Every structure is written in C-alpha cells, then in structure tokens.
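Student: Structure provided below as structure tokens; questions to follow.
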Amino acid sequence: MTATPREVIRFQDKASLSRDAAYRFAALAAYRAATRRPFRVALAGGSTPALLYALLAAPPFREAIAWENVELFFGDDRCVPPDHSYSNFRMVNETLIRPLGLAGVRCHRFLGEMPDHAAAAREYEERLRTAFGATGCEAPRFDLILLGMGPDGHTASLFPHSPALNETSQLVTAAAPGLEPFVPRLTLTLPVLNSAENILFLVSGADKAATLARVLDGESDEQALPSQSVRPAAGGPIWLVDREAAAAL
Ligand code: 6PG
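Residue 1 is where the sequence shown starts when you use our numbering, and the numbers rise one by one after that.
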C-alpha cells in the first residue's frame with residue numbers, strides 16, 4: 001500500500017493548533033473505544049505539546065475521552081529523574097496525568113533515572129513488547145504518535161547524523177543529546193515511529209521556520225533532517241504547524 005502524501009495544516013497560533021490536535025486525539029480515542037480496543041499513544045516531549053495536554057485534561061475533552069481505554073507511552077525522554085525540570089514525564093504528569101488521575105498501570109514512562117542508559121532502553125523495549133504483545137522483530141503499532149520537531153530537524157531524540165537515527169533492530173535506544181538540554185536521552189527508533197497508524201507533528205514557533213521549509217520542501221537529506229525519515233507505512237504524517245513556523249513554506 002503506498003503511503004498517502006503527508007498533509008500540512010496551518011494554524012494562526014499554537015492555541016488553535018493545539019485545539020485541532022485535541023479533537024484529532026479525541027476522535028481516534030473514540031474510534032478505538034467504539035471498536036473495544038485500547039488506544040495506545042506515544043506522547044511528545046519538549047514544550048509545544050504542553051498546551052494540548054492541558055486541553056485534554058480539561059472539559060470538554062476530559063469527559064469526552066474514555067481515559068480508561070487509553071494507554072500512554074512516551075516517544076522519548078531525557079535521562080533524568082521523573083521530577084527533574086528536564087523530564088518530559090514531569091511535564092506530561094503536571095499537564096495531563098495528575099489532573100486526570102491517570103497514574104499507574106496505563107502510563108509507561110522511561111526510567112530516566114537509571115544510571116545504565118542501555119539497560120533503561122532494554123527495560124522500555126520489554127515494556128513495549130509486553131504491552132503490545134509484540135514478538136520477534138515486529139515493531140509495536142501505536143494508534144497515534146505525537147511528535148515535535150527541533151530547530152535542527154530532529155524528532156523524538158533522533159538527532160542529525162546520530163547512530164540512533166540508523167538503529168533498525170532495537171525498538172528503543174539510548175541517544176546522545178544534539179540540542180539543549182545536553183543530557184543523554186532515551187528514544188523510540190524509526191521502525192517504531194514508522195509502524196504507527198497515525199502520526200501528528202506539532203510544530204510551533206519562528207525558530208522552526210527555516211528548518212520546516214527544508215524538511216517539507218527541500219532536498220531529501222534524512223541524516224541532516226531526521227524528521228524527513230518519519231514516513232509511516234500507514235500514511236502521513238500530518239503536520240500541524242502555526243503561522244510562525246510556516247513562514248518559509
Ligand atoms: C524532547 C522532544 C523533542 C521535541 C522537539 C521540539 O525531548 O525535547 O521529544 O523531540 O519534540 O525538540 O520541542 P519544542 O516543541 O519544545 O519546540
């Protein structure tokens with residue numbers, strides 16, 4: 001099946017981008033609930049998605065989504081304790097998990113506090129395989145993966161010209177930081193990203209404009225622009241971008 005071409009949707013600002021993403025999240029969650037299947041989503045870190053998570057934790061989405069059917073994972077995290085200011089889990093815990101009371105079995109964070117980062121990657125990989133019942137070399141198929149894009153074109157913690165970008169046998173790997181905060185990272189690898197049913201990129205801010213134009217309209221250079229490597233077999237991704245980030249498109 002040929003992948004559908006990617007789709008780029010422009011919004012006036014981050015607030016309207018986040019509202020659209022919330023409706024898409026809720027629609028996918030409703031579909032999975034209606035078909036009596038768990039809704040498994042990998043959340044993006046960084047700062048852009050925080051507004052989306054706060055919207056999902058508030059009316060009307062709080063009541064509209066069958067949260068008992070939702071299983072939360074992370075696309076990546078920094079190798080820090082879960083209460084550290086650099087932690088993606090901490091940001092999601094403050095904006096979504098704690099306000100909804102979701103803690104527990106359905107929230108799968110990376111153990112960023114483990115000193116052995118390779119062991120932490122293996123631990124998360126095992127958690128993924130168990131949750132998805134994935135055996136052998138097949139990658140788990142997330143219903144939705146939310147991604148951001150850094151000003152250097154990275155996504156998750158797949159940084160330009162990094163070994164993690166070329167990892168195809170592991171589902172999760174440790175990664176060296178390519179941008180601040182310069183702490184080691186743990187990240188899903190491209191085979192997992194590209195197995196997703198749906199991928200939404202959320203890109204906001206003027207600092208992304210030049211890189212977004214290169215990623216979407218420039219020459220293919222996946223080592224320099226890792227976000228170009230995200231091409232799920234199921235189609236997409238869908239790019240939700242605000243006016244500032246879209247300025248050079
Ligand atoms: C991280 C994120 C990273 C993020 C981009 C965009 O751990 O930093 O996973 O991939 O999505 O850097 O970050 P902003 O949305 O904050 O610009």
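Glycine included, C-beta positions come from ideal geometry on N, C-alpha and C. Treat the numbers as computed from the prediction; the structure is a model and nothing was measured.
Are D13 and D207 touching if we call contact CB-CB under 8 Å?
Tutor: The sequence position of residue 13 within the sequence shown is 13, counting from 1. The sequence position of residue 207 within the sequence shown is 207, counting from 1. No. Outside cutoff.
Student: What three-state label does DSSP hand I65 in the structure shown?
Tutor: Translated into positions along the sequence shown, residue 65 becomes position 65. I65 falls in the coil class under three-state DSSP.
Student: Got a sec? Which residues, its chain only, sit under 8 Å from A22 by beta carbon, not counting five neighbours each side?
Tutor: Taking the sequence shown and counting its residues from 1, one reaches residue 22 at position 22. Contacts found: L52, L55, L56, F61.
Student: Looking only at C-alpha atoms, which of R36, L144, F73, P160 sits nearest to T211?
Tutor: In the sequence shown, counting from the first residue as 1, residue 211 sits at position 211. Measuring from the Cα of T211, the nearest candidate turns out to be P160.
Student: Compute the beta-carbon to beta-carbon distance between H84 and L186, rounded to the nearest angstrom, for a pair I have assumed lies under 8 Å.
Tutor: Numbered from 1 along the sequence shown, position 84 holds the residue referred to as residue 84. Numbered from 1 along the sequence shown, position 186 holds the residue referred to as residue 186. In this structure, H84 and L186 do not form a Cβ contact; the two beta carbons are roughly 14 Å apart against a cut-off of 8 Å.
Student: Here's the rule: buried if 16 or more other CB atoms are within 10 angstroms of the residue's CB, otherwise exposed. What is V203?
Tutor: Stepping through the sequence shown from its first residue, residue 203 is reached at position 203. By the neighbour-count rule (16 or more Cβ atoms within 10 Å), V203 is buried.
Student: Please work out which residues of its chain come closer than 7 Å, Cβ to Cβ, to G46, disregarding the five sequence neighbours upstream and downstream, and give them in chain order.
Tutor: Your numbering for residue 46 matches position 46 in the sequence shown. Here the set comprises G148.
Student: Measuring CB to CB, does L43 end up less than 8 Å from G75?
Tutor: The residue given as residue 43 occupies position 43 in the sequence shown. The residue given as residue 75 occupies position 75 in the sequence shown. Yes, the pair counts as a contact, with Cβ atoms nearer than the cut-off.
Student: Reducing DSSP to helix, strand and coil, say where V215 ends up.
Tutor: For the purposes of this step, residue 215 is taken as the residue at position 215 of the sequence shown. Helix, per DSSP.
Student: Regarding H108 and the ligand ZN, is the C-beta to nearest heavy atom distance less than 7 Å?
Tutor: No copy of the ligand ZN appears in this structure; the ligands present are the ligand 6PG.
Student: Going by DSSP, what residues sit across from E197 in a beta bridge?
Tutor: Residue mapping note: residue 197 aligns to position 197 of the sequence shown, counting from 1. For E197, which the question treats as bridged, DSSP gives no partner whatsoever.
Student: Looking at S227: is its Cβ nearer than 8 Å to the Cβ of V215?
Tutor: Taking the sequence shown and counting its residues from 1, one reaches residue 227 at position 227. Taking the sequence shown and counting its residues from 1, one reaches residue 215 at position 215. Cβ atoms of S227 and V215: closer than 8 Å.
Student: Can you tell me whether R37 is buried or exposed? The criterion is at least 16 other CB atoms within 10 Å of its CB, across all chains shown.
Tutor: Taking the first residue of the sequence shown as position 1, residue 37 is located at position 37. By the neighbour-count rule (16 or more Cβ atoms within 10 Å), R37 is not buried but exposed.
Student: Quick check on DSSP: helix, strand or coil for A120?
Tutor: For this step, residue 120 is matched to residue 120 along the sequence shown. It is helical.
Student: In three-state DSSP terms, what is T187?
Tutor: Taking the sequence shown and counting its residues from 1, the one referred to as residue 187 is at position 187. Correct three-state label for T187: strand.
Student: Fully enclosed by the region 128-153, which beta strand (DSSP E) runs are 3 residues long or longer?
Tutor: 144-147
Student: With distances taken between CB atoms, is the gap from L240 to I65 smaller than 8 Å?
Tutor: For the purposes of this step, residue 240 is taken as the residue at position 240 of the sequence shown. For the purposes of this step, residue 65 is taken as the residue at position 65 of the sequence shown. No. Outside cutoff.
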